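There are 2 protein chains.
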Amino acid sequence: MATQWPAPDDRTGREPLSVVDRIKQYILVNRLSPGDPMPTENELSDQLAVSRSRIREAMKTLSALDIVEVRHGYGTFVGTLSLTGLAESLAFRGMLTSHRDKHFLADLIDLRELLEIDWAPLIVERLDVDTRAAMRSLATAMVDLAAQGREFPAEDRQFHQLLVSMSGNALVGQLLDVFWQVHSLVDDTIGPPTHLEETAQAHHAIIDAIESGSPGELEAAIRRHYEPIRDRMRRSAGTD
Amino acid sequence: MATQWPAPDDRTGREPLSVVDRIKQYILVNRLSPGDPMPTENELSDQLAVSRSRIREAMKTLSALDIVEVRHGYGTFVGTLSLTGLAESLAFRGMLTSHRDKHFLADLIDLRELLEIDWAPLIVERLDVDTRAAMRSLATAMVDLAAQGREFPAEDRQFHQLLVSMSGNALVGQLLDVFWQVHSLVDDTIGPPTHLEETAQAHHAIIDAIESGSPGELEAAIRRHYEPIRDRMRRSAGTD
DNA sequence: CCGCATTTGTCCGTATGTATA
DNA sequence: CTATACATACGGACAAATGCG
Numbered sequence: 047m048a049t050q051w052p053a054p055d056d057r058t059g060r061e062p063l064s065v066v067d068r069i070k071q072y073i074l075v076n077r078l079s080p081g082d083p084m085p086t087e088n089e090l091s092d093q094l095a096v097s098r099s100r101i102r103e104a105m106k107t108l109s110a111l112d113i114v115e116v117r118h119g120y121g122t123f124v125g126t127l128s129l130t131g132l133a134e135s136l137a138f139r140g141m142l143t144s145h146r147d148k149h150f151l152a153d154l155i156d157l158r159e160l161l162e163i164d165w166a167p168l169i170v171e172r173l174d175v176d177t178r179a180a181m182r183s184l185a186t187a188m189v190d191l192a193a194q195g196r197e198f199p200a201e202d203r204q205f206h207q208l209l210v211s212m213s214g215n216a217l218v219g220q221l222l223d224v225f226w227q228v229h230s231l232v233d234d235t236i237g238p239p240t241h242l243e244e245t246a247q248a249h250h251a252i253i254d255a256i257e258s259g260s261p262g263e264l265e266a267a268i269r270r271h272y273e274p275i276r277d278r279m280r281r282s283a284g285t286d
Numbered sequence: 047m048a049t050q051w052p053a054p055d056d057r058t059g060r061e062p063l064s065v066v067d068r069i070k071q072y073i074l075v076n077r078l079s080p081g082d083p084m085p086t087e088n089e090l091s092d093q094l095a096v097s098r099s100r101i102r103e104a105m106k107t108l109s110a111l112d113i114v115e116v117r118h119g120y121g122t123f124v125g126t127l128s129l130t131g132l133a134e135s136l137a138f139r140g141m142l143t144s145h146r147d148k149h150f151l152a153d154l155i156d157l158r159e160l161l162e163i164d165w166a167p168l169i170v171e172r173l174d175v176d177t178r179a180a181m182r183s184l185a186t187a188m189v190d191l192a193a194q195g196r197e198f199p200a201e202d203r204q205f206h207q208l209l210v211s212m213s214g215n216a217l218v219g220q221l222l223d224v225f226w227q228v229h230s231l232v233d234d235t236i237g238p239p240t241h242l243e244e245t246a247q248a249h250h251a252i253i254d255a256i257e258s259g260s261p262g263e264l265e266a267a268i269r270r271h272y273e274p275i276r277d278r279m280r281r282s283a284g285t286d
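The following block contains the structure:
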């Protein structure tokens, strides 16, 4: 097998590594990639010379951060290092603090707007016709659903994913998607949806601005998109 | 005590909530705040009617996200909902992918620069004399240390914390601090420090720009601050 | 479709280490 | 220093899920 393990002691006077850190070291030293199989819990228990309980508790920590992915009855694998942990943490923070202060949700919206606006010049420059067409049809679907009084979370999420996909910065795309999820989740807790038609139309306006070729217009369109959302937030602050 | 628990079954046809979710519900329903004490593991074991092993594994998940904080031999408390989980996750991603591609570190630096520049107008407008003086003395300390060939991580981190503290957006401050930590950690793995004096001086230039009162100059100074960092990254890409 | 081996999920009992009062 | 409450750790047993012959 020739699996490599870090030296058990390197006598540098440090305290011994935690089980979590030793498992992380294992992944790093063996240069595993997301999806690669990990040793079974019993193997880890033997090789690290700790009980299976401890291995399992360490695995819980690691899977919460998507460093490993555990499949019941099948095995454990290196995780995809996604930001699901951040999403859970922020969502809970929103739930816990939303009725005390609105700072969190306001900060979140500001951050979404800010990051999308940052890429406006690049988006105007790079956006290809296929992506634009996909965004247009999503916007049309949103308007249709809004006319029926229905919400359109899936379309909205995908629209914003496409919008920032041109940035070339994968980290920003993942972060914005997390922020969308958290915003959507917290927003559901402050009452039934409002501004449906207005928000749906705002997405058409964003594509219009892109087609105009002016970064300034795109920035303005993005700002207008977030206005009804801020308005809804301000109103909810009074009724709570 | 009159602690409230969510109804064990709400017969809406959903699958039963996980232990993790039931503990989260407990915190929400009882409106606990960070620092408030949680029931002991034995109490939770009794009240949720599951074994202590499961409680402990759930606690590991929750503490990884800083939703609870466990103090050995003392008790468990509601966590501070910090972003330590994100820091760990991103740090590991950096370790795992840094020798394959440099996109991650590049994206991280771009994001740091972008977010700091976003607040440049506000910073120029709001920064008070006390904060400015603190930043100036930090910059001086950095130059001194650089002259001795020593690094200055603590000073650098605090400088950037102060820089964005004027934004009024706590979330951005926390995110940037996480990015600083991750960047610092990954940067250590690509070799001994370089550009010490240049980087230290760049911080003086940032305060100079703030004092000039021009947001444009501040933006330029921030960009210049990140240049040697990008240069170091590009050089390391070849030697790996 | 069935049975089997593998692997993770859950539970219990007990002993140990640690912090607080 | 002692006592108590609490989290940490261990080992074993059985249940549940998955994949495969």
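Residue numbers (my numbering), protein chains in the order written: chain A, 47 to 286; chain B, 47 to 286.
Built from N, CA and C at the ideal position, the CB exists for glycine as well.
All figures in this text were calculated on a predicted structure; none of them were measured in a lab.
Next on the checklist: Assess contact between the stretch 204–218 of chain A and the stretch 104–120 of chain A, defined as three or more Cβ pairs (one per stretch) separated by less than 8 Å. Is contact present?
Outcome noted: Flag = no, the stretch 204–218 of chain A and the stretch 104–120 of chain A do not touch.
Checklist entry - Alpha carbon to alpha carbon, what distance is there between B/Asp254 and A/Asp112? => result Looking at the two C-alpha atoms, the distance is approximately 43 Å.
Checklist entry - Going by other Cβ atoms of all chains shown within 10 Å of its Cβ, with 16 needed for buried, is B/Gly131 buried or exposed? => result B/Gly131 counts as buried, since at least 16 other C-beta atoms from the protein chains shown sit within 10 angstroms of its C-beta.
Next on the checklist: I'd like to know if A/Ile113 contacts chain B, where contact means its C-beta is closer than 9 Å to some C-beta of that chain.
Outcome noted: By this cut-off, A/Ile113 is an interface position.
Checklist entry - Counting contacts by CB-CB distance shorter than 9 Å, is B/Met279 in contact with chain A? => result Closer than 9 Å: no.
Checklist entry - Mind pulling the beta strand (DSSP E) runs of 3 or more residues that sit fully within the stretch 112–136 of chain B? => result If you keep only unbroken beta strand (DSSP E) runs of at least 3 residues inside the stretch 112–136 of chain B, you get 114–117, 121–124.
Next on the checklist: The alpha helix (DSSP H) that contains B/Ile256, what's its start and end?
Outcome noted: Segment 242–258, the alpha helix (DSSP H) holding B/Ile256.
Next on the checklist: Using the three-state DSSP reduction, which class does A/Pro167 fall into: helix, strand or coil?
Outcome noted: Of the three classes helix, strand and coil, the one that applies to A/Pro167 here is helix, per DSSP.
Checklist entry - In the DSSP assignment, what are the bridge partners of A/Pro83? => result The bridge partners DSSP lists for A/Pro83 are A/Phe123.
Checklist entry - Closest Cβ-Cβ distance between B/Val170 and chain A: below 9 Å? => result Not one chain A Cβ lies under 9 Å of B/Val170.
Checklist entry - Quick one, are the C-beta atoms of B/Arg98 and B/Val65 less than 9 Å apart? => result Not a contact, by the Cβ cut-off of 9 Å.
Checklist entry - Straight-line CA distance for A/Pro239 to A/Phe150? => result Taking the Cα positions, A/Pro239 is about 19 Å away from A/Phe150.
Checklist entry - With respect to the alpha helix (DSSP H) encompassing B/Ile69, which residues constitute its N-terminal and C-terminal limits? => result The continuous alpha helix (DSSP H) containing B/Ile69 extends over residues 65–75.
Checklist entry - Do three or more CB pairs link the stretch 160–179 of chain A to the stretch 275–283 of chain A at distances below 8 Å? => result Put simply, the stretch 160–179 of chain A does not touch the stretch 275–283 of chain A. Fewer than three CB pairs are less than 8 Å apart.
Checklist entry - Quick one, are the C-beta atoms of B/Ala246 and B/Met181 less than 9 Å apart? => result No. Outside cutoff.
Item to check | Sequence-distant residues of the same chain with beta carbon closer than 8 Å to B/Gly104, five excluded per side | outcome: It should be noted that the sequence gives Ala, not Gly, for residue 104 of chain B. Taking B/Ala104 as the centre and dropping the five residues before and after it, the same chain places the C-beta of Ser64, Val65, Val66, Ile69 closer than 8 Å to its C-beta, in chain order.
Checklist entry - By the criterion of Cβ-Cβ separation under 7 Å, what are the contact partners of A/Leu74 in chain B? => result Within 7 Å Cβ-Cβ: Met141, Leu142.
Item to check | Nearest residue (CA-CA) to B/Ala137, options B/Ser260, B/Ala266, B/Ala152, B/Val224 | outcome: Checking every option, the nearest Cα to that of B/Ala137 belongs to B/Val224.
Checklist entry - Do you know offhand how far B/Glu273's Cα is from B/Asp156's? => result Distance between the alpha carbons of B/Glu273 and B/Asp156: 11 Å.
Next on the checklist: Is there a Cβ of chain A sitting closer than 9 Å to that of B/Asp254, yes or no?
Outcome noted: Chain A contact via Cβ: absent.
Next on the checklist: Whole angstroms are fine: how far does the CA of B/Gln71 sit from the CA of B/Glu61?
Outcome noted: About 15 Å.
Checklist entry - In chain order, which continuous runs of the alpha helix (DSSP H) of length 4 or greater are located wholly inside the stretch 86–110 of chain B? => result Counting only unbroken stretches of 4 or more residues, the alpha helix (DSSP H) elements lying wholly within the stretch 86–110 of chain B are 87–94, 98–110, in sequence order.
Next on the checklist: Just verifying my parser: in three-state terms, what is the DSSP assignment at A/Arg270?
Outcome noted: A/Arg270 carries a helical assignment under DSSP once its states are collapsed to helix, strand and coil.
Checklist entry - Do B/Ser144 and B/Ile236 have their CB atoms nearer than 9 Å? => result Cβ atoms of B/Ser144 and B/Ile236: closer than 9 Å.
Checklist entry - Using DSSP with H/G/I as helix, E/B as strand and the rest coil, what is A/Thr235? => result Correct three-state label for A/Thr235: coil.
Checklist entry - According to DSSP, is B/Leu157 helix, strand or coil? => result Of the three classes helix, strand and coil, the one that applies to B/Leu157 here is helix, per DSSP.
Checklist entry - In terms of residues, what are the limits of the alpha helix (DSSP H) holding B/Ser211? => result Counting along the chain, the alpha helix (DSSP H) containing B/Ser211 begins and ends at 199–211.
Checklist entry - To which residues of the same chain is B/Ser128 closer than 8 Å at the C-beta, ignoring the five residues directly before and after it? => result If you ignore the 5 residues before and after B/Ser128, its C-beta comes within less than 8 Å of the C-beta of Asp112, Gln220, all in its own chain and listed in chain order.
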